[in-house]
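Written out below as structure tokens is the structure these notes cover.
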Amino acid sequence: MRALTMEPLKAGAVRVSEVPDPVAGEGELLVRGLAVGVCGTDREIIAGDYGWAPPGRELLVLGHESLGRVVSAPDGSGFAAGDLVAGVVRRPDPEPCGACARGHFDMCRNGKYTERGIKEIDGYASELWTVEADYAVTVDARLESVGMLIEPASVLAKAWDQIERVGARSWFEPRRLLVTGAGPIGLLGALMGVQRGLDVHVVDLAKDGPKPEAVAALGATYHSEPAAEVAERLAADVVIEATGVGQVVFDAMRHTAAYGIVCLTGVSTGGHTIGVDAGAVNREIVLENDVIIGTVNANVGHYEAAASSLLAADLPWLERLITRRVPLEDFAEALEGRPGDIKVVLSLD
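Take 665 as the starting number for the sequence shown in this note's numbering and just add one per residue.
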């Protein structure tokens, strides 16, 4: 079968390879791959920034934003041939740490977890793949065209789970949400804010094209002014930061309502310095009981919540987020970042 493979830590060492068909083990589903989403993590691995092949192997099969159709499933698994599924990315560390032992492998404490298509386990960018039934999530047939969005949506389901847990330390009835960044993470975070009845605002650099159009179709408000100006004017109760840009991160932290919660989902790159009045930032956070939290990855419950959230959304709106679909043989095109892209999908079938 064909698979998109990479020799980790070697920039550009990515290709479509012929690899052996997988054989489902005990308790595993055999799945025909339909599509994978492409994101910044994939591009960073291909740039040679990180990535780890399975032990004893040189090549890693890429792809962690999955969608496939079950070919076979073990009796009693809850799955059957023909079902649409998405595969969970992370697996708990083998020791395990306290969090992994309790099913919270997205909160692993010792960093010994593994991840499909990223760290020591082959990903889902292949014509066939296997997945343990306990790490597969049912995708409703109505979501077949957008089911690969469940993985990025799971990150936002976790973000909202954490925001609401933190807010519950006291009276918490947020009214206004600010999202910085209108990529897939930002837009899915905005969707979940709208579903919670919030007044949602999204700020991004794009002045026209699919991003502002998607925000308007969601019933939210789009801003293309500097993030600092928007954040100060809105004083949002909740901020979801999805850019990872250092200055935007600190602007978001400084300009919230009292008891504001800022959830950081964007991963910043190193090597950039900015001037920040750290004392002023600290003073505002302390005196207003603000909270800054970071979140990454998701557990099985978050995947299930994401699937429910997408099912409750307007399908044509979700389809707006997929701005390009590219066949596997043209993977290089899919890996290019283009102006106006939201989500690029690599078709496997």
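Here a beta-carbon is modelled for each residue, glycine too, at the ideal position from N, C-alpha and C. This one's a predicted model, so the numbers in the text were calculated from it and none came from an experiment.
- E722: not part of any beta strand (DSSP E); DSSP gives it neither H nor E.
- Considering only I849, L1010, A750, the residue with the shortest C-alpha distance to E796 is A750.
- Looking at the backbone, the Cα of S818 and that of V950 are separated by about 30 Å.
- G847 counts as buried, since at least 16 other C-beta atoms from the protein chains shown sit within 10 angstroms of its C-beta.
- Secondary structure at V931: coil, using DSSP grouped into helix, strand and coil.
- Look at the beta carbons and you see the region 833-851 touching the region 898-916: at least three pairs across the two are nearer than 8 Å.
- A contact between stretches requires three or more CB pairs, one per stretch, nearer than 8 Å, and the region 686-706 meets this requirement with the region 722-742.
- Between the beta-carbon of V700 and that of E729 there is about 5 Å, and that keeps the pair under the 8 Å contact cut.
- Here L869 is exposed. Its C-beta has fewer than 16 other C-beta atoms within 10 Å.
- In the three-state DSSP reduction, S681 falls in the strand class (E or B).
- Close CB contacts of W981 within its chain, under the 8 Å cut and outside five residues either way in sequence, are with L855, A878, A881, L882 (chain order).
- In this structure, DSSP gives W835 a state outside helix and strand, which the three-state scheme calls coil.
- For F743, same chain residues with a beta-carbon under 8 Å away, outside a window of 5 residues either side, are L693, V734, A737, V749, A797, A800, T802 in chain order.
- When the beta-carbon positions are compared, W716 and E784 come within less than 8 Å of each other.
- DSSP places W793 in the uninterrupted beta strand (DSSP E) bounded by 792-796.
- Less than 8 Å separates the beta-carbon of V725 from that of G787.
- P760 has its alpha-carbon roughly 39 Å from the corresponding atom of E993.
- Judged by DSSP in its simplified three-state form, D706 adopts helix.
- For F769, the closest of I1006, D1013, N963, E968 by C-alpha to C-alpha distance is N963.
- Excluding the 5 residues flanking it on each side, Q826 has same chain C-beta neighbours closer than 6 Å at I957, T959, in chain order.
- No Cβ-Cβ contact shorter than 8 Å links A944 with A916.
- A residue is called buried when at least 16 other Cβ atoms come within 10 angstroms of its Cβ; S790 meets this threshold and is buried.
- Assignment of H865 by DSSP, reduced to helix, strand and coil, places it in the strand class.
- Sorting D901, Y967, V931 by C-alpha distance to the C-alpha of K822 places Y967 at the top.
- For A745, same chain residues with a beta-carbon under 8 Å away, outside a window of 5 residues either side, are V734, V735, S736, A737 in chain order.
- Remark: C-beta atoms of A763 and C772 approach each other more closely than 8 Å.
- Taking the CA atoms as reference points, I986 sits about 13 Å from R1002.
- Assigned with DSSP and collapsed to three states, H887 falls in strand.
- In this structure, the beta-carbon distance from G853 to L820 falls below 8 Å.
- By the neighbour-count criterion, in which 16 or more other beta carbons inside 10 Å mark a residue as buried, K875 falls on the buried side.
- Between L1012 and V702 the beta-carbon gap is near 12 Å, outside 8 Å, which marks them as no contact.
- G924 is the residue among L723, G924, D747 whose C-alpha sits nearest the C-alpha of G831.
- Secondary structure within the region 721-795: the beta strand (DSSP E) runs of 3 or more consecutive residues, fully enclosed, are 729-736, 748-751, 778-780 (chain order).
- Using a 10 angstroms sphere on the CB of V931, the tally of other CB atoms stays under 16, which defines it as exposed.
- Rounded to the nearest angstrom, the gap between the Cα atoms of R721 and I709 is 16 Å.
- Under DSSP, P980 takes part in no beta bridge, so it has no partner.
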